[in-house]
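Residue numbers (the working numbering), protein chains in the order written: chain A, 3 to 128; chain B, 3 to 128.
Cβ atoms here follow ideal geometry from the backbone N, Cα and C, with glycine treated the same way.
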DNA sequence: TAAAATTACTTGTTTAATGCAAGTGAATAT
DNA sequence: ATATTCACTTGCATTAAACAAGTAATTTTA
């Protein structure tokens with residue numbers, strides 16, 4: 003029988019075709035969205051992510067960056083002119099996560115005491 | 003010295019005062035937001051959550067429901083008139099998670115192939 | 001330019017979380 | 001009264017996370 007679109011199964015690493023479940027398969031853990039947050043706030047280097055107050059272990063950071071590269075949510079570029087050090091940047095797909103991070107920020111500020119809005123994250127409001 | 007607002011530290015289970023980090027402390031795992039999704043879609047019973055296609059283990063479901071109750075994101079009510087079985091409902095705080103779930107849904111539908119919008123989730127669009 | 005420091009990791013080990021199968025007692029249905 | 005469903009709990013195997021060190025390749029400093 004010929005393939006039909008409706009026959010297309012979800013990739014094996016995906017728990018269901020539900021878009022919410024898919025999103026959680028990609029970034030549903032305690033660390034990935036914090037790296038995204040840092041990128042939104044303008045951080046670009048491994049050391050910058052590692053220096054964030056939550057204290058992500060470097061092995062976890064390394065693994066998460068690999069996953070984000072795989073999913074084309076971030077890309078690598080040279081840190082500066084002629085440098086061999088790398089910088090990470092959000093791709094368009096990565097920037098499309100901004101409404102999610104913004105909605106999470108808004109929810110916590112509205113409902114969880116002791117959370118504080120950071121300066122420089124005005125972009126997350128839209 | 004008298005207490006000042008700026009002296010108030012985040013609760014010990016919170017990694018930082020960042021609202022994004024706080025949100026992840028509350029529901030930053032592979033399962034919690036799927037339960038929220040089910041609640042948004044109108045499911046109310048333990049067995050309904052357990053029957054979702056992603057196949058949440060019952061011990062995990064049990065633990066997650068406890069946490070959601072603790073955080074006052076869901077509440078328990080009688081499943082039906084005079085019944086001793088329980089139903090779960092989103093509180094106002096829980097319904098405030100809708101924009102997050104909706105943004106995740108929109109992102110996956112836009113960027114991840116093979117995801118499918120479900121009927122009955124029109125409410126998540128706003 | 002040689003030495004010191006930084007960067008971006010990796011490796012090994014401990015600890016916690018997740019996943020799975022099975023079991024249980026109360027509630028409901030037959 | 002018996003069977004079935006419901007909402008869990010328990011025990012165990014597997015996987016992931018956390019923590020501490022170490023390392024090779026850069027970059028900075030003396």
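Please look up how many angstroms separate the CB atoms of residue i and residue j, rounded, as I've assumed it's under 8 Å.
i: residue 38 of chain A; j: residue 99 of chain A; result: 6 Å
i: residue 101 of chain B; j: residue 107 of chain A; result: Rounded, the Cβ-Cβ distance is 11 Å, inconsistent with contact.
i: residue 82 of chain A; j: residue 88 of chain A; result: With a Cβ gap of about 10 Å, residue 82 of chain A and residue 88 of chain A do not count as contacting.
Does DSSP put residue i in a helix, a strand or coil?
i: residue 43 of chain A; result: coil
i: residue 23 of chain A; result: helix
i: residue 50 of chain A; result: helix
i: residue 38 of chain B; result: helix
i: residue 126 of chain A; result: Low per-residue confidence applies at residue 126 of chain A: pLDDT is 44, beneath 50, and the placement is therefore not dependable, though the value from the model is reported in the following sentence. It is helical.
Tell me which residues share the same chain as residue i and place their Cβ nearer than 7 Å to its Cβ, disregarding the 5 neighbours each side in the sequence.
i: residue 31 of chain B; result: none
i: residue 90 of chain A; result: 41, 46, 67, 76 and 78
i: residue 73 of chain A; result: 28
i: residue 54 of chain B; result: 36 and 40
i: residue 1 of chain A; result: The structure shown has nothing for residue 1 of chain A, since chain A only spans 3 to 128.
i: residue 56 of chain A; result: 36
i: residue 60 of chain B; result: 52
i: residue 5 of chain B; result: No answer about residue 5 of chain B holds up, because its pLDDT of 45 lies below 50 and its placement is not dependable.
Once the 5 residues before and after residue i are set aside, which same chain residues still bring their CB inside 8 Å of it?
i: residue 16 of chain B; result: 23, 24 and 27
i: residue 117 of chain A; result: 110 and 111
i: residue 93 of chain B; result: 74, 75, 76 and 77
i: residue 119 of chain B; result: 107 and 111
i: residue 63 of chain B; result: 33, 37, 48, 51 and 52
i: residue 86 of chain A; result: 80
i: residue 65 of chain A; result: none
Which residues in the same chain have their Cβ closer than 6 Å to the Cβ of residue i, if we skip the five residues on either side of it in sequence?
i: residue 29 of chain A; result: 35
i: residue 70 of chain B; result: 76
i: residue 96 of chain B; result: 75 and 76
i: residue 114 of chain B; result: none
i: residue 8 of chain A; result: Reliability fails at residue 8 of chain A, whose pLDDT of 48 lies under 50, so the model's placement of it is uncertain and the value that follows must be treated cautiously. Nothing listed; no residue qualifies.
query: Hey, which unbroken runs of the alpha helix (DSSP H) at 4 residues or more fall wholly within the segment 62-123 of chain A?
result: 94-97 and 100-113
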